[in-house]
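Residue numbering for the sequence shown follows my numbering, starting at 639 and increasing by one per position. We put the beta carbon where it would ideally sit given N, CA and C, even for glycine.
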Amino acid sequence: MKAIVYTHYGSPEVLHLTEIAQPTPKDNEVLVKIHATTVTIGDTIMRSLNLPVAGWQKLMARLFLGIRHPKRPILGMELAGEIESVGKAVARFKAGDQVFASTLSVNFGGYAEYKCLPEDGMLAIKPINLTYEEAAALPGAGMTALRCLRNGDIQRGQKVLIYGASGAVGTCAVQLAKHHFEAEVIGVCSAANLELVKSLGADRVVDYTREDFTHSGETYDVVFDAVGKLSESQSKRALKPTGIYLNVHKASGNGEKLADLLTIKGLIEAGKIKPVIDRSYSMAQIIEAHHYVDTGHKKGNVVITV
């Protein structure tokens, strides 16, 4: 099968399309023929080893990823596709099922034509109202945004500010905060993305290039930094006395849960969340796709069709 692999860290040029053996599912696994995956910030961080942490956290990340060379040569943290075959012990799924999944807990692997996944993993039937490309764009960012916002204990009508509202996690967070938690949502992004963020449900959008929300005098019940670029001290200036600061790198812990993926699926099918896709590329264009994500200017998600 075709797969995109990397054997050392660096620029997007370390990625190359090659042929590798097709995996065979174990008794408790399904074999998914992948139709779409994504290029996330997480993929580019692992590829470049430009880690957004310091000290012991950086050391632990290096041990996990590989000190000198990548331990997991195929990136791709989420996917959508069709089940081609199932192991003899599998009961939840059958061949022909259309599914979407996160690969975070199974060594990634979305940049390939096939991937084996455990039936009890982060795998669910694809939302009926999405294409494969759209479905691939939601497992990781959707569950991350949901976990983070839950940590804010958001109550109906509270004021929630989302910094980085036009990114993959940010676009999900705006929709969840508005349509699931029923909050008043203020999005922060660049001028180019104001209309996009408004269209997702934000009550108001702030252009960070023209206004510093931390000095406006307005305060919020929750400030969620969806891109991990604000310091806690900055954010606290804009919080109410009982307000909560959330950082995507810290508030998204505790691991993924299938119940969260199913919650995201239900919200998609109810029309409360929709994917935002900026650009689509083929597998042969993976270097170009990574270069684009490296610019830091993507809106929502970048999808790879397989």
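message: For a test of the three-state rule: what should DSSP assign to K797, helix, strand or coil?
response: Assigned with DSSP and collapsed to three states, K797 falls in strand.
- request: Pull up the CB-CB distance for L713 and Y749, whole angstroms please, since I reckon it's below 8 angstroms.
  value: Contact holds; Cβ gap of about 5 angstroms.
Exercise. Since E751 and K671 are thought to touch, with beta carbons under 8 angstroms apart, how far apart are those beta carbons, to the nearest angstrom?
Worked result: Contact holds; Cβ gap of about 7 angstroms.
Q: Go through its chain and collect everything with a Cβ distance to E820's Cβ below 8 angstroms, but skip five positions before and after it.
A: Once the five neighbours on either side are set aside, the close Cβ partners of E820 are R794 and G795.
Handout entry: Candidates A774, G893, S918 and A922, of which the one nearest L784 by Cα
Key = Answer by Cα proximity: G893.
Q. At which residue ranges does the segment 665-703 contain complete alpha helix (DSSP H) runs of 4 or more residues, listed in the order of the chain?
A. Counting only runs of 4 or more, we get 679-686 and 693-703.
- Item | alpha helix (DSSP H) segment containing A927, residue limits | In the DSSP annotation of this structure, the continuous segment of the alpha helix (DSSP H) that includes A927 starts and ends at I924 to D932.
Use the C-beta contact count for V812: other C-beta atoms within 10 angstroms, 16 or more gives buried, fewer gives exposed.
By the neighbour-count rule (16 or more Cβ atoms within 10 Å), V812 is buried.
**Report entry** Identity of the residue in P711, L761 and F862 nearest S804 by Cα
**Finding:** Its Cα nearest to that of S804, the residue F862 stands out among P711, L761 and F862.
- L814 - DSSP class collapsed to helix/strand/coil: Reduced to three states, the DSSP call for L814 is helix.
| message | Beta-carbon within less than 7 angstroms of S743's beta-carbon, same chain only, minus the 5 sequence neighbours each way: which residues are those? | response | Closer than 7 angstroms at Cβ, skipping near neighbours: G759, M760 and E894.
Query raised in the report: Leaving out the 5 sequence neighbours to the left and right, which residues in its chain are closer than 6 angstroms to D898 when beta-carbon positions are compared?
Result: Here D898 has M781 and L784 as same chain residues with Cβ atoms under 6 angstroms from its own Cβ, once five neighbours each way along the sequence are excluded.
- Message: Please list the terminal residues of the continuous alpha helix (DSSP H) segment that includes H887.
- Response: Element bounds for H887: V886 to A889.
Quiz prompt | Residue interval of the beta strand (DSSP E) (run including S918) | solution = Taken as a continuous stretch (DSSP letters only), the beta strand (DSSP E) holding S918 covers I915 to S920.
For the 8 angstroms Cβ check, are there 3 or more pairs between the segment 838-850 and the segment 822-829? With a cut-off of 8 angstroms, the segment 822-829 and the segment 838-850 count as touching, because enough Cβ pairs lie within range.
Review point. Closest by CA to K709, which one among K696, Y644 and A733?
Key: Checking every option, the nearest Cα to that of K709 belongs to Y644.
* **Rounded separation between N666 and L755 - CA only** => Straight through space, the alpha carbons of L755 and N666 are spaced by roughly 8 angstroms.
Distance, P690 Cα to V886 Cα | Using only the alpha carbons, I get a separation of about 11 angstroms.
Checklist entry - What residues match up with Y752 in a beta bridge as DSSP calls it? => result Note: Y752 sits in a beta bridge opposite K671.
Determine contact between the segment 850-862 and the segment 830-840, defined as no fewer than three beta-carbon pairs at a distance below 8 angstroms.
-> The segment 850-862 vs the segment 830-840: no contact.
What's the call for K732, buried or exposed, on a 16-neighbour Cβ count within 10 Å?
Residue environment for K732: exposed (fewer than 16 other C-beta atoms within 10 angstroms of its C-beta).
Self-check item: Nearest-angstrom Cβ-Cβ length linking H818 and L905, presumed shorter than 8 angstroms
Solution: Rounded to whole angstroms, the Cβ separation of H818 and L905 is 6 angstroms, and the two are in contact under 8 angstroms.
### Task
Alpha carbon to alpha carbon, how far is G725 from K664? Give it in angstroms, no decimals.
Taking the Cα positions, K664 is about 6 angstroms away from G725.
Mapping the DSSP letters down to three states, classify K709 as helix, strand or coil. Note: K709 maps to coil in three-state DSSP.
Practice task
Report whether the distance from the Cβ of V835 to the nearest heavy atom of the ligand COA is below 6 angstroms.
Solution key: Looking for the ligand COA in the displayed structure turns up nothing, as the structure carries no ligands at all.
- Name the residue from V668, I800 and E651 whose alpha carbon lies nearest to the alpha carbon of A876. Relative to the Cα of A876, the nearest Cα in the group V668, I800 and E651 belongs to I800.
Which residue wins for smallest C-alpha separation from R685, given the options I642, L717, G648 and P661?
Relative to R685, the option among I642, L717, G648 and P661 whose CA is nearest is G648.
Notebook entry, point to check: Distance, Cα to Cα, E822 vs I792?
Noted result: In a straight line, the C-alpha of E822 is about 10 angstroms away from that of I792.
By a C-beta neighbour count over all protein chains shown, 10 Å radius and 16 as the cutoff for buried, is S837 buried or exposed? Exposed is the call here.
Using the rule of at least 16 other Cβ atoms within 10 Å of the residue's Cβ for burial, across every protein chain shown, is T676 buried or exposed? When all chains shown are included, T676 counts as buried.
With DSSP collapsed to three states, give me the class of D845. Strand, per DSSP.
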